[in-house]
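Protein chains in written order, with this note's numbering: chain B, 1 to 106; chain F, 1 to 509. Notes follow the structure.
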């Protein structure tokens, strides 16, 4: 899975993921998530899943891990751009109850 | 109608499971109309095999998967040679705490929530064997309507009106409707205009920008009396406009009128193309090939699908190929013609080849060729020899039937969908027909051209009965009578392209 990090005008960190968020994808992204989790800023991290075509429980577990680390440090995670199968899965697991999900603006 | 669609064995590592998942995705995309069901199957596979690779101790070295259609269900079977599962852990419910650890979810709850039935057995080689099943949806053949309406009571009311006649999908604004359309093939959109987030007019504009969705019939319904709204809606190229409130029968009348009109336009365009090309590809065979009497029956919907029947004979041997290209629109016909050209060329350039070798060549082309890999097909190759001897190879094609006066029995010849892997091997089966026996092979429309599971069972029963009852009359007349029975039960025009081939060894021989 490929990724790109950007800083938005408001200072938030945006991590754009591209590919399949399965167990293999998690192993490719694990180090990035750990680094982001141990930084002190920015306070809000956006995980942009617009270009993620597949998600399974490994990917969900990995996002929950990042969410918990950030929350412990008083920071927050927002999932954005999720659509198709990944969106169906997040809805099935009611992830939005814990992690805010920002849907794509049309 | 039972058949194998995919069989694959791979090393238990994360790279291989991703490749295996893509294979299953390819199969479900081409065989299952309901996209979300296909996604569930792919997700279950991913969860199971990831679990095996990550948690099995001693580790599994190899995983086998099989995906098939059997007794009205989709069946996914996953076997591995790792540590035997702890069945007590498999009763976990789907719970948020499931995901407490980093990537730690074992996914069992998710699998249970995503499949209809889950069985675990230890197979004869002491391997784990998980068998998951999903019912084949009875509504796959119904017209699929997407109802976009923000008012929950109105959605319930319209669903009540529509669900006896159609498969109804719902969204409460334009944005959610786009998400449904991304995951589900829809035949008609019925949309309110004033809605939060994304209104009906914006939804219509979005759809007209999308090449995949721009031609879906679209109906607006609104209670708004705003001057000019109707004109604005009409300027967006919609098919109908309904003023609310609308009664159930009135709503259905509008929908049927739009569907009929759209169908007529598509039919006219297709007919124009078909007349020029299809006639040279109407599935047919000579009445006699070497030592065999043959009869063919065929029905054509005019849209989509595409059955091919080709043959090649030399001296005492002959080969017959039946191909069913799968697809939901008229483009699949184009691919059928492309395959027709390829297979004819392959057959003519060879001496009569082994049946499995020809299927393997077709599969290799389906895998590597940029154009041909865009469509999924099933196929069967039969080599006809003397004295009732047949060699048959199958690629995800329905089992042929051997028919006598008293019964019909399937020939269990199996192979996976062609073109899924670079080097698929097909195992041929030898059949010897005795005097008084016929063999019937066909494309799946013969037993599947029905609205629901019950109608499918009736159709299969009526057709196999007709096959038995016509054993004593000449084969060409028998084929005609069987197809008459098909018309009677399945209706005219057929829902799917359908080809039936009956063969019997020459009795004088």
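Every residue, glycine too, gets a C-beta built ideally from N, C-alpha and C.
Nearest to residue i (by Cα), restricted to the options the options
i, options, result
"residue 74/F", "32/F, 36/F and 186/F", "32/F"
"residue 494/F", "466/F, 462/F and 449/F", "449/F"
"residue 299/F", "224/F, 261/F and 492/F", "492/F"
"residue 377/F", "394/F, 254/F, 390/F and 386/F", "394/F"
"residue 91/B", "410/F, 437/F and 113/F", "113/F"
"residue 211/F", "181/F, 2/F and 195/F", "181/F"
"residue 184/F", "199/F, 158/F and 216/F", "216/F"
"residue 345/F", "310/F, 147/F, 250/F and 252/F", "310/F"
"residue 307/F", "193/F, 51/F and 497/F", "497/F"
"residue 379/F", "326/F, 312/F and 316/F", "326/F"
Three-state secondary structure assigned by DSSP to residue i
i, result
"residue 335/F", "helix"
"residue 457/F", "helix"
"residue 265/F", "helix"
"residue 7/B", "strand"
"residue 442/F", "strand"
"residue 46/F", "helix"
"residue 55/F", "helix"
"residue 467/F", "helix"
"residue 98/B", "coil"
"residue 91/B", "helix"
"residue 425/F", "coil"
"residue 408/F", "strand"
"residue 401/F", "strand"
"residue 259/F", "helix"
"residue 240/F", "strand"
Cβ shell of residue i (< 8 Å), same chain only, five flanking positions each side left out
i, result
"residue 58/F", "82 and 83"
"residue 292/F", "318, 384, 503, 504, 505 and 506"
"residue 230/F", "241"
"residue 372/F", "335, 338, 339, 342, 365, 366 and 419"
"residue 219/F", "188, 189, 190, 191, 238, 239, 240, 241, 242, 254, 255 and 258"
"residue 129/F", "77, 78, 79, 120, 121, 122 and 123"
Proximal residues of chain F, C-beta to C-beta of residue i below 7 Å
i, result
"residue 83/B", "179 and 182"
Nonlocal neighbours in the same chain, by C-beta distance under 6 Å from residue i, ignoring five residues either side
i, result
"residue 51/B", "18"
"residue 44/B", "12 and 76"
"residue 398/F", "1, 3 and 444"
"residue 16/B", "4 and 48"
"residue 333/F", "306"
"residue 139/F", "Residue placement at residue 139/F is poorly supported in this model, since its pLDDT is 48, which falls under 50; the coordinates still yield a value, given next. Taken in chain order, the residues that qualify are 167."
"residue 500/F", "297, 442 and 446"
9 Å Cβ cut-off: residues of chain B touching residue i
i, result
"residue 253/F", "The premise fails here: residue 253/F is roughly 32 Å from chain B at the closest Cβ pair, so nothing lies under 9 Å."
"residue 54/F", "23 and 58"
"residue 83/F", "Ordered by position in chain B, no residue passes the 9 Å Cβ test against residue 83/F, which lies about 18 Å from the chain."
7 Å Cβ cut-off: residues of chain B touching residue i
i, result
"residue 110/F", "57"
"residue 46/F", "22 and 56"
"residue 448/F", "Going along chain B, no residue has its Cβ under 7 Å from residue 448/F, so there is no contact; the nearest lies around 27 Å."
"residue 498/F", "Under the 7 Å cutoff, chain B gives no residues; its nearest Cβ is about 33 Å from residue 498/F."
"residue 18/F", "20, 22 and 24"
Paired residues, beta bridge with residue i - DSSP
i, result
"residue 128/F", "80/F and 122/F"
"residue 310/F", "321/F"
"residue 170/F", "147/F"
"residue 8/F", "65/F"
"residue 158/F", "DSSP lists no partner for residue 158/F."
"residue 390/F", "384/F and 431/F"
"residue 194/F", "Per DSSP, none; premise fails for residue 194/F."
"residue 13/B", "7/B and 45/B"
"residue 165/F", "For residue 165/F, which the question treats as bridged, DSSP gives no partner whatsoever."
"residue 377/F", "325/F"
"residue 2/B", "18/B"
Interface residues of chain B facing residue i [CB-CB closer than 8 Å]
i, result
"residue 155/F", "The premise fails here: residue 155/F is roughly 18 Å from chain B at the closest Cβ pair, so nothing lies under 8 Å."
"residue 113/F", "92"
Neighbour list for residue i in chain F, Cβ cutoff strictly below 8 Å
i, result
"residue 87/B", "179"
"residue 103/B", "175"
"residue 27/B", "14"
Contacts around residue i, its chain only, beta-carbon distance under 7 Å, and the 5 residues preceding and following it disregarded
i, result
"residue 34/B", "none"
"residue 11/B", "42"
"residue 41/F", "24, 28, 74, 76 and 134"
"residue 539/F", "Since the displayed chain F opens at 1 and closes at 509, residue 539/F lies outside it and no answer follows."
"residue 25/B", "1, 19 and 59"
"residue 93/F", "A caution first: residue 93/F carries a pLDDT of 41, below 50, which makes its placement in the model unreliable, though a value can still be read off. For residue 93/F, where only same-chain residues beyond five positions count, the Cβ hits under 7 Å are 109."
"residue 476/F", "287 and 295"
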